[in-house]
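Numbering-wise, the sequence shown is residues 0 to 405 according to numbering that gives the first Met the number 0. Read through the structure below, which is laid out as structure tokens, and then see the notes.
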Amino acid sequence: MAPEPKPRAGGPTLREGWAHIAACFVAIFTAYSTAFMLGPMLDAMGSELGMSVSAMGQLAALTFVPWAISAPLVGPLSDRYGRKPVLLIGLAGLSLSSLIGSLAPDYLTLVGCRLLTGVFGGCVPPSCIASVGDRFVGRTRGNALAVAGSGISASLLAGLPVLAYLTDRLGWRGGFVLAGGFGLCACLFVAWAFPPKGRTAPPLSYLGSFAWMRLAPPWYIVSGNVLERLILSAFLTYVAVLLLRRYAISLSAVAGLLTVMSIGTVIGGLAGGPLAGFRRRFQLIVALLLIQGGLMAFQFSLAPPLALAVAAGFLFSIVSQMNRPVVMDTLVTLAPRSRGAIIGFYATSNQVGQTLGAAVGGLAIAWGGIEAVGWLAAAAGVGGALLYGQILRKDAGSEALRLPGR
């Protein structure tokens with residue numbers, strides 16, 4: 000286990016807590032890389048197992064359903080028994096599900112493996128985020144959350160391309176083995192680097208982990224996050240369709256442009272860290288949400304030239320990640336003894352928003368063409384801004400706006 004420096008009275012600095020933050024980054028990177036890895040494998044998997052690509056694609060959806068269910072249920076266990084045991088169980092389960100999947104003889108076995116991936120994946124991000132909330136305080140906590148959370152963006156920029164490259168040479172079963180092996184390495188690193196316990200007392204009971212539900216601010220924040228993730232999901236799902244249909248460019252060119260736009264997610268995630276230390280941070284995230292909707296409306300609905308459309312996508316990728324550290328920091332402040340539970344619900348809201356974005360976006364296209372996605376995003380941006388704006392009411396948001404240690 001990593002040696003633990005003597006903490007300061009106000010909590011450790013980023014340098015003192017580097018091993019903890021690195022462990023959270025690696026764990027989140029592993030969880031999302033494992034969850035999203037099926038995309039490059041679908042065609043090869045379908046050919047070998049005699050299933051259509053659309054049927055194989057359902058495996059991805061089957062991963063996130065149990066993820067959304069397990070995250071809020073497992074969170075209270077980490078509140079009571081510690082973040083580290085739950086996190087290690089999650090990583091070990093992710094690795095085991097991938098290794099078993101590499102031996103799957105048929106489609107139903109793969110279904111079972113991906114359901115397990117979702118169950119164990121739901122143990123990882125909430126435990127990591129809650130542990131950062133336990134240990135760090137003030138402005139340092141916002142920056143630590145930003146760095147740890149950037150494991151999601153890194154999985155899209157690095158984890159998936161590497162898995163796709165190696166899968167092309169080793170086959171999809173080899174890709175599952177590599178994912179399982181990396182999961183085991185991540186588990187060992189986390190076992191060494193992750194601190195043994197948090198700084199706060201656990202709730203009195205399992206049900207006590209949900210006492211925060213009696214407060215209004217968490218519901219405004221979680222609901223606003225659903226609409227914000229809806230916008231992001233609509234962008235990720237349909238931007239490639241937009242580029243192919245409107246600008247008539249090749250699929251390889253689209254892939255390159257998507258990579259360029261995705262770089263913004265890393266920039267935005269890291270830039271969002273300092274926002275958590277601003278006293279007017281909720282005014283900022285309301286403005287950022289309106290900007291997200293505006294950029295989507297510009298890109299999808301106003302038919303700009305290709306260069307401006309790509310620039311809008313790049314800016315959207317930055318802005319769409321800047322609110323995450325603020326939202327997470329606020330939630331762990333609102334429930335200091337139930338951080339695992341409240342972040343578990345935050346994780347569920349992410350999955351709900353992502354599902355709605357893909358589904359409602361498809362309905363919008365069927366109703367009004369690809370341009371309708373932009374207006375849908377603009378409407379969701381206004382709705383989310385109104386929900387986040389409720390925190391600014393003195394009676395509803397006094398606790399959410401309090402910034403202890405800043």
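We treat Cβ as the ideally placed atom computed from N, Cα and C, and that holds for glycine. Quick caveat: nothing in here was measured; it's all calculated off a predicted structure.
* Asked: For residue 122, does the three-state DSSP call read helix, strand or coil?
  -> Position 123 of the sequence shown, counting from 1, holds the residue named residue 122. Three-state DSSP puts residue 122 in coil, outside helix and strand.
* Asked: So, using beta-carbon positions, are residue 27 and residue 124 closer together than 8 Å?
  -> Within the sequence shown, numbered from 1, the residue matching residue 27 stands at position 28. Within the sequence shown, numbered from 1, the residue matching residue 124 stands at position 125. Result yes, Cβ atoms of residue 27 and residue 124 sit closer than 8 Å.
* Asked: Which same chain residues, not among the five before or five after residue 253, have their C-beta less than 7 Å away from its C-beta?
  -> For the purposes of this step, residue 253 is taken as residue 254 along the sequence shown, with counting starting at 1. Contacts found: 239, 242, 243.
* To do: Throw me the rounded Cβ distance for the residue 352 and residue 375 pair, which I believe falls under 8 Å.
  => Counting from 1 along the sequence shown, the entry for residue 352 is found at position 353. Counting from 1 along the sequence shown, the entry for residue 375 is found at position 376. The Cβ separation is near 13 Å, so there is no contact.
* DSSP-derived helix/strand/coil call for residue 228 -> Here residue 228 refers to the residue found at position 229 when the sequence shown is read from its first residue. It is helical.
* Asked: What are the boundary residues of the alpha helix (DSSP H) that includes residue 49?
  -> Translated into positions along the sequence shown, residue 49 becomes position 50. Premise fails: residue 49 is in no alpha helix (DSSP H) and is neither H nor E.
* Asked: With 16 other CB atoms within 10 Å as the buried threshold, where does residue 113 fall?
  -> Working through the sequence shown from its first residue, we reach residue 113 at position 114. Label assigned to residue 113: buried.
* What span of residues does the alpha helix (DSSP H) with residue 291 cover, start to end? -> Here residue 291 refers to the residue found at position 292 when the sequence shown is read from its first residue. It spans 280-295 - the alpha helix (DSSP H) in which residue 291 sits, taken as one unbroken run.
* Asked: What do you get for residue 341, buried or exposed, if any count of 16 or more other CB atoms within 10 angstroms of its CB means buried?
  -> Here residue 341 refers to the residue found at position 342 of the sequence shown. So residue 341 ends up on the buried side.
* **Presumed contact (8 Å Cβ cut-off) between residue 343 and residue 143, rounded CB distance** => For the purposes of this step, residue 343 is taken as the residue at position 344 of the sequence shown. For the purposes of this step, residue 143 is taken as the residue at position 144 of the sequence shown. At roughly 19 Å, the Cβ-Cβ gap does not stay under 8 Å, so residue 343 and residue 143 are not in contact.
* Asked: Rounded to the nearest angstrom, how far is the Cβ of residue 34 from that of residue 116, given a contact under 8 Å?
  -> In the sequence shown, residue 34 corresponds to position 35, counting from 1. In the sequence shown, residue 116 corresponds to position 117, counting from 1. Yes, residue 34 and residue 116 are in contact; Cβ-Cβ is about 7 Å, under 8 Å.
* Asked: Helix, strand or coil: which one does DSSP assign to residue 146?
  -> On the sequence shown, residue 146 is found 147 positions in, with the first residue counted as 1. Looking at residue 146 - three-state DSSP - the assignment turns out to be helix.
* To do: Using 10 angstroms around the beta-carbon of residue 164, count the other beta-carbons present and answer buried if the total reaches 16, otherwise exposed.
  => Indexing the sequence shown from 1 puts residue 164 at position 165. Counting Cβ neighbours within 10 Å, residue 164 comes out exposed, since fewer than 16 surround it.
* **residue 80, buried or exposed, once every other Cβ within 10 Å from all chains shown has been counted against 16** => On the sequence shown, position 81 is the one that residue 80 refers to. Counting Cβ neighbours within 10 Å, residue 80 comes out exposed, since fewer than 16 surround it.
* Exposed or buried, which one is residue 347 when buried takes at least 16 other CB atoms within 10 Å? -> For the purposes of this step, residue 347 is identified with residue 348 of the sequence shown, where counting begins at 1. Buried, since its Cβ has 16 or more Cβ neighbours within 10 Å.
* **residue 284 vs residue 322 beta-carbon contact at 8 Å** => Position 285 of the sequence shown, counting from 1, holds the residue named residue 284. Position 323 of the sequence shown, counting from 1, holds the residue named residue 322. Contact flag set, yes.
* **Sequence-distant residues of the same chain with beta carbon closer than 7 Å to residue 287, five excluded per side** => Counted from its first residue, the sequence shown places residue 287 at position 288. Cβ neighbours of residue 287 beyond the five flanking positions: 318, 321, 322.
* Asked: In or out: residue 180 buried (at least 16 other Cβ within 10 Å) or exposed?
  -> Numbered from its first residue, the sequence shown carries residue 180 at position 181. It is exposed - the Cβ of residue 180 has fewer than 16 other Cβ atoms within 10 Å.
* To do: Return the CA-CA distance between residue 21 and residue 127, expressed in angstroms with no decimal places.
  => To locate residue 21, count along the sequence shown from 1; it is residue 22. To locate residue 127, count along the sequence shown from 1; it is residue 128. Distance between the alpha carbons of residue 21 and residue 127: 10 Å.
* If you scan the region 320-371 from start to end, which runs of the alpha helix (DSSP H) of 4 or more residues do you find wholly inside it? -> 323-333, 338-367
* Asked: Should residue 368 go down as buried or exposed, given a rule of 16 or more other Cβ atoms within 10 Å for buried?
  -> The residue given as residue 368 occupies position 369 in the sequence shown. Exposed is the call here.
* Asked: Is DSSP giving residue 258 helix, strand or coil here?
  -> Counted from its first residue, the sequence shown places residue 258 at position 259. Reduced to three states, the DSSP call for residue 258 is helix.
* To do: Would you check if the distance between the CB atom of residue 230 and the CB atom of residue 271 is smaller than 8 Å?
  => Counted from its first residue, the sequence shown places residue 230 at position 231. Counted from its first residue, the sequence shown places residue 271 at position 272. In this structure, residue 271 does not lie closer than 8 Å to residue 230 by Cβ.
* To do: Take every Cβ of the region 81-89, pair it with every Cβ of the region 209-223, and state whether three or more of those distances are shorter than 8 Å.
  => no
* How many Å lie between residue 406 and residue 358 at the Cα? -> The structure shown has nothing for residue 406, since the chain only spans 0 to 405.
* Sequence-distant residues of its chain with Cβ nearer than 8 Å to residue 403 (five each side left out) -> By 1-based counting over the sequence shown, the position of residue 403 is 404. Because residue 403 carries a pLDDT of 43, less than 50, the predicted location of this residue cannot be relied on, and the following value inherits that uncertainty. Same-chain partners within the cutoff: 136, 137, 332.
* Asked: Are three or more beta carbon pairs between the region 379-393 and the region 303-318 nearer than 8 Å?
  -> no
* With a Cβ-Cβ cutoff of 8 Å, do residue 356 and residue 228 count as a contact? -> Against the sequence shown, residue 356 aligns to sequence position 357. Against the sequence shown, residue 228 aligns to sequence position 229. Contact flag set, yes.
* Can you tell which of 139, 94, 153, 43 has the C-alpha that lies nearest to the C-alpha of residue 12? -> As a first step, residue 12 is located in the sequence shown; it is residue number 13 there, counting from the start. The shortest C-alpha separation from residue 12 is found at 139.
* Cβ atoms of residue 256 and residue 309: under 8 Å apart, would you say? -> Here the question's residue 309 lines up with position 310 in the sequence shown. Here the question's residue 256 lines up with position 257 in the sequence shown. Closer than 8 Å, so yes.
* Closest Cα partner of residue 278 within the set 96, 269, 264, 325 -> Taking the first residue of the sequence shown as position 1, residue 278 is located at position 279. Answer by Cα proximity: 325.
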